[in-house]
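In this note's numbering, the protein residues as written are 1 to 145.
The beta-carbon is built from N, C-alpha and C at its ideal position, and this holds for glycine as well.
Small disclaimer: the values here were computed from a predicted structure and weren't measured.
Presented below is the structure to which this report refers.
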Amino acid sequence: MKKEGKKSVAKGIIGITSKGTGYVTSAGFDMDIQIEPQFLNTALHGDEVEFFVFPQIEKERLDGEIIRVLWRAKMEFVGTVDKRKGNAISFIVPDDKRMYTDIFISPAESGRVRNNWKVLVRIIKWDDPKKNPEGRIVKVLGKKG
1 MKKEGKKSVA KGIIGITSKG TGYVTSAGFD MDIQIEPQFL NTALHGDEVE FFVFPQIEKE
61 RLDGEIIRVL WRAKMEFVGT VDKRKGNAIS FIVPDDKRMY TDIFISPAES GRVRNNWKVL
121 VRIIKWDDPK KNPEGRIVKV LGKKG
């Protein structure tokens, strides 16, 4: 663990629950550090992350914030195509509930598939936690069900 200003910075592996809350396991701590959804900063389940811990104020649990993702554990997800706004915009809704956000696909990618089809999508860009990750369809798996 190193000091960054008045904050203690450490590395660890994050696990994400189906409700979108993260828990970082780190060798420097006796307990997991809870990361609320607004502090995940694009971290996904299994990623290696750099984080800091908020000052503890009479709480049993340590809370923190992800500073950055050091290594992605997973880049590809199976999900269902969800076409919106008259098919102009498409997202992939991941089957894995630990993936807490839908993946945007471009109109060109969207033209390859139909609503409610299953696909394998790869995240190609996600640098803004306020936006959805951008993806590219790797494989069309077929109709849902």
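Counting along the chain, S90 sits inside the beta strand (DSSP E) bounded by residues 89-94. Residue pairing by DSSP puts F77 in a beta bridge opposite V121.
Between the alpha carbons of Q38 and I105 lies a distance of about 23 angstroms. DSSP, reduced to helix, strand and coil, places S8 within a strand of the structure shown. DSSP places E109 inside the alpha helix (DSSP H), whose first and last residues are 107-110.
Of the residues E60, M75, R61, the one whose Cα lies closest to the Cα of T42 is M75. Here S18 is exposed: its Cβ has fewer than 16 other Cβ atoms, across all protein chains shown, within 10 Å.
Per the DSSP secondary-structure output, K130 pairs with nothing in a beta bridge. For V49 against V81, the beta-carbon gap comes to about 30 angstroms, at or over 8 angstroms, which does not count as contact. Residue range 62-71 is occupied by the beta strand (DSSP E) that includes D63. DSSP places G22 in the uninterrupted beta strand (DSSP E) bounded by 22-25. The continuous beta strand (DSSP E) containing E50 extends over residues 48-53.
The bridge partners DSSP lists for D82 are F91. Note that the segment 84-103 touches the segment 128-135; at least 3 beta-carbon pairs, one per stretch, sit closer than 8 angstroms.
The beta carbon of D96 sits closer than 7 angstroms to those of F77, all from its chain and outside the five residues before and after it, given in chain order.
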